[in-house]
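Student: Numbering (our numbering), first residue to last: 9 to 129. For every residue, glycine included, the Cβ atom is placed at its ideal position computed from N, Cα and C. Every value quoted in this text rests on a predicted model; they were computed, and no experiment measured them. Here it is: the structure, laid out below.
Here it is as structure tokens:
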């Protein structure tokens with residue numbers, strides 16, 4: 009667990025009356041999966057332009073085929089009016105106070121836009 013987990017790890021609780029109760033999913037999911045999940049749940053087609061994937065198979069106790077193994081997140085930690093604590097601690101400016109997080113089930117790589125070394129957890 010790292011300080012960056014809060015940037016991409018958001019708990020999601022779904023109550024599905026006819027679904028598996030108490031199911032916990034440890035696979036990599038993203039917020040973009042919520043919309044296709046709801047559309048499929050109510051019987052609507054998911055547009056092909058949607059990047060997310062339905063979580064319904066997980067709610068039925070199944071693991072979907074070809075499920076993603078990595079996720080990419082970006083975080084801007086700047087404030088244009090007053091430098092944030094992160095900006096102060098890292099010595100970054102408004103235009104480079106952001107980072108990218110690439111993770112899989114085992115590792116998390118944090119890469120800064122500023123000239124700072126990457127971090128691997």
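Please state whether DSSP places residue 48 in a helix, a strand or coil.
Tutor: Taking the first residue of the chain shown as 1, we reach residue 48 at position 40. Of the three classes helix, strand and coil, the one that applies to residue 48 here is helix, per DSSP.
Student: If you draw a straight line from the alpha carbon of residue 65 to that of residue 97, how long is it in whole angstroms?
Tutor: The count along the chain shown starts at 1 and reaches residue 65 at position 57. The count along the chain shown starts at 1 and reaches residue 97 at position 89. If you take the alpha carbons of residue 65 and residue 97, they lie about 43 Å apart.
Student: In terms of residues, what are the limits of the alpha helix (DSSP H) holding residue 66?
Tutor: Walking along the chain shown from the start, residue 66 turns up at place 58. Its alpha helix (DSSP H) spans residues 64-67.
Student: Can you name, in chain order, every residue of its own chain whose Cβ lies under 6 Å from the Cβ of residue 104, other than the five neighbours on each side?
Tutor: As a working mapping, residue 104 is identified with position 96 in the chain shown. Excluding sequence neighbours, residue 104 sits near 121 and 122.
Student: Note down, in chain order, each residue of its chain lying with its Cβ closer than 8 Å to the Cβ of residue 130, except the 5 sequence neighbours on either side.
Tutor: Because the chain spans 9 through 129 in this model, residue 130 falls outside it and cannot be assessed.
Student: By DSSP, does residue 42 sit in helix, in strand, or in coil?
Tutor: As a first step, residue 42 must be located in the chain shown, where it is residue number 34. Helix, per DSSP.
Student: Using a threshold of 8 Å, state whether the C-beta atoms of residue 41 and residue 63 are closer than that.
Tutor: Along the chain shown, read from residue 1 onward, the residue named residue 41 stands at position 33. Along the chain shown, read from residue 1 onward, the residue named residue 63 stands at position 55. Contact: yes.
Student: Within its chain, find whatever has a CB closer than 7 Å to the CB of residue 119; leave out the 5 residues flanking it on each side and keep chain order.
Tutor: Counting from one through the chain shown, the residue named residue 119 turns up at place 111. For residue 119, where only same-chain residues beyond five positions count, the Cβ hits under 7 Å are 107, 108 and 126.
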